[in-house]
Amino acid sequence: MSLEGIKEESHHPILILKDISFIITNKQSKFEIIHKINMEVNEKEFIAITGPSGCGKSTLLRIIAGLIKPTNGEILLEGKPLNGPTEKITMVFQQFALLPWLTALENVELSALRLIPDKEKRKEKAMKLLEIVGLAGFEYFYPKELSGGMRQRVAIARALMPDPEIILMDEPFSNLDQPTASNLRYEILNILRSSPTLKAIIMVSHNIEEIVELADRVIILSKRPAEVVKEIYIDIPHPRSVRLPKFSSYVDMIYGYLG
Amino acid sequence: MLIVTLIEALALSWLRLFIGIVISILLAFGLGILAGVNRTAERIIIPLIDILQSIPILGFFPVAVLFFITFFPIIGAEMAAVFLIITSQLWNLIFAVYESVKSIPSYILETVELSKLSVLQKIAKVYIPSSWPRIIDNLPLSWAGGLFFLSSSEIISLGTTSYQLLGIGSMTFILFSLGDYNDIAIAFLLLFLALVATHMLFFRPLNIWSQKFKYETTAEATAKVPWFISSFFRTTKPLKILAKHVFIPRRPLAPIFKKQYAEPPYTLESHEKDKIISLSKLIKFFKWIITPIFIILILLGVFLDLKAIINIVNYYFKQDMLLLLVTSAAYSALRIAIATAIMLPIIFLAILAVTNSFTKRFLLPIFLFLASFPAPMFIPYMFILFGNNVELISIAVIISGSIWYIFYNTYSSLRLLPSDLKEVVELSKLSKLQKFTKLYLPAMLPGLVTGLVTAIGGAWNALIVAEWIQIGNSVYSVNFGLGKILDEAANIGDLNLLYASLLFMVIIVVLLDRLFWKRLYNYVTNKFKYET
Chain A
50 MSLEGIKEES
60 HHPILILKDI
70 SFIITNKQSK
80 FEIIHKINME
90 VNEKEFIAIT
100 GPSGCGKSTL
110 LRIIAGLIKP
120 TNGEILLEGK
130 PLNGPTEKIT
140 MVFQQFALLP
150 WLTALENVEL
160 SALRLIPDKE
170 KRKEKAMKLL
180 EIVGLAGFEY
190 FYPKELSGGM
200 RQRVAIARAL
210 MPDPEIILMD
220 EPFSNLDQPT
230 ASNLRYEILN
240 ILRSSPTLKA
250 IIMVSHNIEE
260 IVELADRVII
270 LSKRPAEVVK
280 EIYIDIPHPR
290 SVRLPKFSSY
300 VDMIYGYLG
Chain W
34 MLIVTLIEAL
44 ALSWLRLFIG
54 IVISILLAFG
64 LGILAGVNRT
74 AERIIIPLID
84 ILQSIPILGF
94 FPVAVLFFIT
104 FFPIIGAEMA
114 AVFLIITSQL
124 WNLIFAVYES
134 VKSIPSYILE
144 TVELSKLSVL
154 QKIAKVYIPS
164 SWPRIIDNLP
174 LSWAGGLFFL
184 SSSEIISLGT
194 TSYQLLGIGS
204 MTFILFSLGD
214 YNDIAIAFLL
224 LFLALVATHM
234 LFFRPLNIWS
244 QKFKYETTAE
254 ATAKVPWFIS
264 SFFRTTKPLK
274 ILAKHVFIPR
284 RPLAPIFKKQ
294 YAEPPYTLES
304 HEKDKIISLS
314 KLIKFFKWII
324 TPIFIILILL
334 GVFLDLKAII
344 NIVNYYFKQD
354 MLLLLVTSAA
364 YSALRIAIAT
374 AIMLPIIFLA
384 ILAVTNSFTK
394 RFLLPIFLFL
404 ASFPAPMFIP
414 YMFILFGNNV
424 ELISIAVIIS
434 GSIWYIFYNT
444 YSSLRLLPSD
454 LKEVVELSKL
464 SKLQKFTKLY
474 LPAMLPGLVT
484 GLVTAIGGAW
494 NALIVAEWIQ
504 IGNSVYSVNF
514 GLGKILDEAA
524 NIGDLNLLYA
534 SLLFMVIIVV
544 LLDRLFWKRL
554 YNYVTNKFKY
564 ET
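Listed below in structure tokens is the structure:
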């Protein structure tokens with residue numbers, strides 16, 4: 050049985066990365082961080098990106114987010130070139146990235162301050178999202194008064210606020226303790242899957258078990274400059290148990306490519 | 034009733050300081066945020082403020098007075114006074130905002146970018162809230178800065194024109210010239226009470242309020258005064274070598290403090306960098322020194338006119354003027370050096386403040402309070418203490434104005450010392466001296482250097498208050514000193530001499546800063562930084 054079986058290509062790619070390169074020029078010399086990465090993200094897909102530390106996976110994620118301009122190449126979102134940040138792509142950070150002086154509710158509202166100018170509508174929607182992520186009753190708490198897991202839930206509600214098509218996650222669980230992280234993982238998967246507008250999730254992680262647990266496909270990058278070493282489809286029905294032999298085969302295989 | 038007049042004077046002074054601080058905060062938000070988000074603005078604003086904060090603004094004062102009084106005859110003197118107060122409150126606030134904006138965690142900035150906020154929303158939701166903690170931290174310092182020049186701003190004299198505004202600063206000197214020590218004591222007591230009240234009712238509550246604007250992950254910054262770090266300065270060899278061999282023991286704490294280069298992840302290795310010193314960099318280097326001087330000249334040119342600048346340049350070659358200025362500067366430098374040597378042992382108090390809970394709980398608040406007490410207000414009492422020995426008084430004024438910078442910065446540097454390091458040193462049973470040389474000295478160096486830079490920068494400024502003292506109709510003055518020349522020039526209304534000596538002082542301060550302090554600062558902060 051081959052674990053690397055290719056899924057049928059009936060899906061229509063929603064995000065396309067074409068020859069993405071990123072080079073830092075420093076007066077005298079050049080550093081290539083990312084070398085010609087090509088990638089397609091299909092509808093309803095959960096993609097994980099992994100690679101050796103410092104390989105540029107977070108940089109790649111920021112290029113997709115529109116925060117960093119690639120040196121070469123282009124990104125197409127639903128066929129249209131992407132220039133800079135858009136409400137259609139939001140992000141969840143390792144450090145939660147909540148503003149300490151805003152309440153949970155105001156933090157969620159932040160990402161739609163311009164998109165939904167009507168205060169009442171915005172508040173209503175943010176309240177609903179907080180309820181979806183399981184934080185009903187915590188709307189007026191400040192981030193400092195919430196636990197790590199709760200903070201990340203606020204961040205997820207904020208990422209959902211503008212009705213994005215793609216959510217990017219940069220090591221979203223690595224700042225949480227193990228039990229909190231594993232509780233949150235599947236819940237998040239369900240929350241995100243139930244969003245009517247969300248079409249794909251791209252997560253950067255170095256936790257291989259987490260990747261095999263969540264992702265439909267994992268993209269393994271090489272050391273700097275980052276190139277795609279291998280793409281692996283993870284073909285296990287959800288919920289995936291760590292105890293399945295198939296699970297550990299996938300884990301071992303990914304470790305193998307990471308070298 | 035004297036007491037009523039004094040209370041009125043105090044209220045007026047406090048009002049001036051308050052208006053000054055409000056305007057300063059507004060300006061600081063504008064300039065600090067601009068410098069924090071825009072590279073071009075940063076390159077202009079930061080070096081300029083770096084210079085402006087270390088030159089005697091008081092020297093520009095006569096022109097400002099003329100300006101305000103000409104254009105606003107009724108409230109011109111008040112405006113001039115507030116203007117002078119602002120020039121002593123503003124700079125650290127701009128740096129506070131700039132540093133805050135610069136140290137907003139990248140993920141917060143990215144979130145804001147992705148949320149597509151408008152510029153105004155970014156300012157209101159992110160930049161201003163992020164700046165509050167440092168602004169509030171700096172308020173007592175700014176208040177003290179304003180108080181320092183309160184007397185000078187309330188007693189304005191330029192040649193034959195002179196104004197006296199009712200205020201606690203002017204009252205202290207008037208009372209002293211009248212010679213009634215009981216009245217002086219009452220004034221002093223009132224000032225004391227007003228300061229206590231300001232701390233308790235204004236700064237403390239604000240400080241508690243500002244806690245909510247702190248990012249949890251951000252460590253407190255060591256430096257009150259950041260320096261615009263140009264990569265070039267790290268590559269110029271001579272002073273680096275000098276610093277290595279003369280000033281700093283070589284890696285005294287190598288096993289505990291790992292050497293760390295404060296470089297972004299994708300830059301050249303430092304040895305590669307050393308090779309790349311080219312002619313263009315040399316030109317750049319001189320630009321760094323000459324540009325600020327040029328800016329000052331242009332400022333003078335705007336205030337005065339081109340002819341005046343030619344006059345100033347001529348002045349240097351007239352009547353042994355240059356010799357006089359050099360001699361005076363040497364005397365002033367010596368005074369500052371003596372003052373520095375006397376105040377340096379304050380660092381041991383800073384160590385006590387982090388190791389000894391009694392010192393921390395009881396002495397620290399007193400120090401913080403004393404730091405905000407205006408040194409010039411002590412001058413009349415110094416006469417009682419030192420008789421008419423102006424040399425001693427001037428050194429005492431310099432110390433009373435600068436010592437707290439050293440204490441504050443050393444203390445805040447030591448406060449960052451991780452407790453596990455302290456525990457390691459406790460467990461290894463070192464002697465007191467070993468603890469000092471192995472742990473506390475290296476740990477305090479970044480703060481100590483910052484403190485010295487600020488203290489000595491402030492001292493050049495304080496010379497104007499310290500070297501030439503006018504009480505009533507009597508003048509007490511040292512024989513030689515740059516501050517004395519400046520004051521005398523202002524007093525007789527000789528603008529050419531005033532600006533010639535001002536420019537001379539600016540050049541000295543800029544050269545010291547660029548050639549010595551900045552490098553020492555970069556060296557020390559790079560070397561004695563914790564790995565995060």
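For the record, the sequence lines run as chains A and W. Here the first sequence stands for residues 50 to 308, numbered as in the numbering used here. Here the second sequence stands for residues 34 to 565, numbered as in the numbering used here. Just so it is clear, CB atoms sit at the ideal spot from N, CA and C, and this is done for glycine as well.
| Asked | Found |
| --- | --- |
| Which residues of chain A have a Cβ atom closer than 8 Å to the Cβ of Ile-141/W, listed in chain order? | Ala-146 and Leu-148 |
| Pull out every residue of the stretch 160–171 of chain W whose Cβ sits closer than 9 Å to any Cβ of chain A, in chain order. | Pro-162, Ser-163 and Trp-165 |
| Counting pairs of beta carbons, one from the stretch 426–438 of chain W and one from the stretch 409–416 of chain W, are three or more of them closer than 8 Å? | yes |
| At a CB-CB cut-off below 8 Å, which residues of chain A make contact with Pro-138/W? | Gln-144 and Ala-146 |
| Give the single residue among Asn-224/A, Pro-119/A and Ser-102/A whose Cα lies nearest to the Cα of Ile-83/A. | Pro-119/A |
| Excluding the five sequence neighbours on either side, which residues of its own chain have a C-beta within less than 6 Å of the C-beta of Pro-221/A, listed in chain order? | Val-141 |
| Assess, as a yes-or-no matter, whether the stretch 92–111 of chain A is touched by the stretch 253–270 of chain A under the definition of 3 or more beta carbon pairs within less than 8 Å. | yes |
| Give the list of continuous beta strand (DSSP E) stretches no shorter than 3 residues that lie fully inside the stretch 87–175 of chain A. | 94–99, 121–126 and 138–141 |
| Between Leu-198/W and the rest of its own chain, which residues show a CB-CB distance below 7 Å, the 5 nearest in sequence each way excluded? | Ala-110, Glu-111, Ala-114 and Glu-187 |
| In terms of residues, what are the limits of the alpha helix (DSSP H) holding Asp-453/W? | 452–460 |
| Kindly indicate if chain A contains any beta-carbon less than 7 Å away from that of Lys-455/W. | no |
| Do you know offhand how far Leu-355/W's Cα is from Ile-217/W's? | 41 Å |
| Relative to chain W, which residues along the stretch 157–173 of chain A have a C-beta separation below 7 Å, given in chain order? | Leu-159, Ser-160, Leu-162 and Arg-163 |
| How is the alpha helix (DSSP H) around Asp-571/W delimited, first residue to last? | Outside the shown range of chain W, which is 34 to 565, sits residue 571/W, and nothing can be said about it. |
| What does Phe-246/W touch in chain A if you count any residue whose Cβ is under 7 Å from its own? | Pro-149 and Trp-150 |
| Ordered along the chain, which non-local residues of its own chain (more than five positions away) have a Cβ less than 6 Å from that of Gly-65/W? | Ile-127, Val-130 and Tyr-131 |
| Please classify Arg-72/W: is it buried, with 16 or more other beta-carbons within 10 angstroms of its beta-carbon, or exposed? | exposed |
| Does Gly-186/A pass the burial test, meaning 16 or more other C-beta atoms within 10 Å, or should it be called exposed? | exposed |
| List the DSSP bridge partners of Phe-80/A. | Ile-73/A |
| Would you mind reading off the limits of the beta strand (DSSP E) that contains Asp-170/W? | Careful: Asp-170/W lies outside any beta strand (DSSP E), inside the alpha helix (DSSP H) at 161–181. |
| When DSSP builds the beta bridges, which residues end up paired with Lys-247/W? | Looking at the DSSP assignment, Lys-247/W forms no beta bridge with any residue, so it has no partner. |
| Would you give the residue range spanned by the alpha helix (DSSP H) that Arg-448/W belongs to? | 423–448 |
| Starting from Gln-503/W, follow its DSSP beta bridges and name the residues at the other end. | Val-508/W |
| From the DSSP output, in three-state form, read off Lys-270/W for me. | Because Lys-270/W sits at a pLDDT of 35, beneath the cut-off of 50, its placement in the model cannot be relied upon, and the point is left open. |
| Using the Cα positions of Asn-232/A and Ile-240/A, report the straight-line distance between them to the nearest angstrom. | 13 Å |
| So, with DSSP's three-state summary, where would you put Tyr-196/W? | strand |
| Where do the ends of the beta strand (DSSP E) carrying Val-278/A lie? | 277–282 |
| In angstroms, rounded to a whole number, what distance separates the CA positions of Thr-246/A and Ala-74/W? | 41 Å |
| Once the 5 residues before and after Met-88/A are set aside, which same chain residues still bring their CB inside 6 Å of it? | Leu-66 |
| Name, in chain order, the residues that DSSP records as bridge partners for Val-253/A. | Ile-98/A and Asp-219/A |
| Taking contact to mean 3 or more Cβ pairs, one atom from each stretch, closer than 8 Å, check whether the stretch 485–502 of chain W and the stretch 432–451 of chain W are in contact. | yes |
| Beta carbons nearer than 9 Å to chain W: which residues of the stretch 92–123 of chain A have them? | Gly-103, Arg-111, Ala-114, Gly-115 and Leu-116 |
| Which residues in chain W sit within 8 Å of Tyr-191/A, going by Cβ to Cβ distance? | Lys-245 |
| Return the residues of the stretch 125–136 of chain A that lie within a Cβ-Cβ distance of less than 9 Å from chain W, sorted by chain order. | Gly-133, Pro-134, Thr-135 and Glu-136 |
| Out of curiosity, what's the CA-to-CA distance linking Asn-506/W and Val-542/W? | 32 Å |
| By the 10 Å Cβ neighbour count, where 16 or more other Cβ atoms means buried, how is Pro-297/W classified, buried or exposed? | Below a pLDDT of 50, predicted positions are generally treated as unreliable, and Pro-297/W, at 34, falls in that range; no measurement from the model is reported. |
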